[in-house]
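Heads up: the sequence shown begins at 1 in full-length UniProt numbering, then just goes up one per residue.
Positions of the beta carbon are idealized from the N, C-alpha and C atoms, including for glycine.
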Amino acid sequence: MKRLVLFMMAVMLLSITVNAQKKGGKTLVAYFSATGTTARAAKLVAEAVDGTLYEIQPAKKYTAADLDWHDKASRSSVEMSDSKSRPALYSKLGSLAEYDTI
Numbered sequence: 001m002k003r004l005v006l007f008m009m010a011v012m013l014l015s016i017t018v019n020a021q022k023k024g025g026k027t028l029v030a031y032f033s034a035t036g037t038t039a040r041a042a043k044l045v046a047e048a049v050d051g052t053l054y055e056i057q058p059a060k061k062y063t064a065a066d067l068d069w070h071d072k073a074s075r076s077s078v079e080m081s082d083s084k085s086r087p088a089l090y091s092k093l094g095s096l097a098e099y100d101t102i
């Protein structure tokens with residue numbers, strides 16, 4: 001599973017880099033990371049494309065129990081299975097219009 005995630009991140013990095021270089025515009029790298037793994041990858045992507053890094057944060061932080069996807073009643077399982085059950089955000093990003101690539 002880790003290899004698949006690393007492969008997908010590498011493909012995404014390459015794609016974003018090529019796209020940003022073609023446009024020469026401003027790039028936003030937005031990410032959500034409950035455990036820190038995605039945060040590290042997003043930082044690498046933002047550095048590679050000279051982009052702005054933005055962390056998507058829920059208003060209420062996730063606990064280990066919330067992230068237990070084996071438990072069908074856990075917060076993350078409920079949010080994934082019900083599109084009307086999405087977490088409130090801690091803060092909102094300003095205008096996306098200033099970015100050429102997101």
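| Check | Outcome |
| --- | --- |
| Cβ-Cβ separation, residue 29 to residue 53 (assumed contact under 8 Å), whole Å | 5 Å |
| Per-residue burial, residue 51 [other beta carbons within 10 Å of its own, 16 or more giving buried] | buried |
| Residue from 27, 11, 15 and 4 with nearest C-alpha to residue 100 | 27 |
| Complete beta strand (DSSP E) runs within the UniProt domain "Flavodoxin-like" (26-102) (minimum length 3 residues, chain order) | 28-31 and 52-55 |
| Pick from 42, 48 and 55 that is closest to residue 94, judged by C-alpha positions | 55 |
| Inter-residue spacing [alpha-carbon to alpha-carbon] between residue 87 and residue 47 | 28 Å |
| Same chain, Cβ closer than 7 Å to residue 31, five either side skipped, listed in chain order | 38, 39, 42, 55 and 56 |
| Burial state of residue 49, where buried means 16 or more other Cβ atoms lie within 10 Å | buried |
| Cut-off 8 Å between Cβ atoms - residues of its own chain near residue 96, not counting five sequence neighbours on either side | 28 and 102 |
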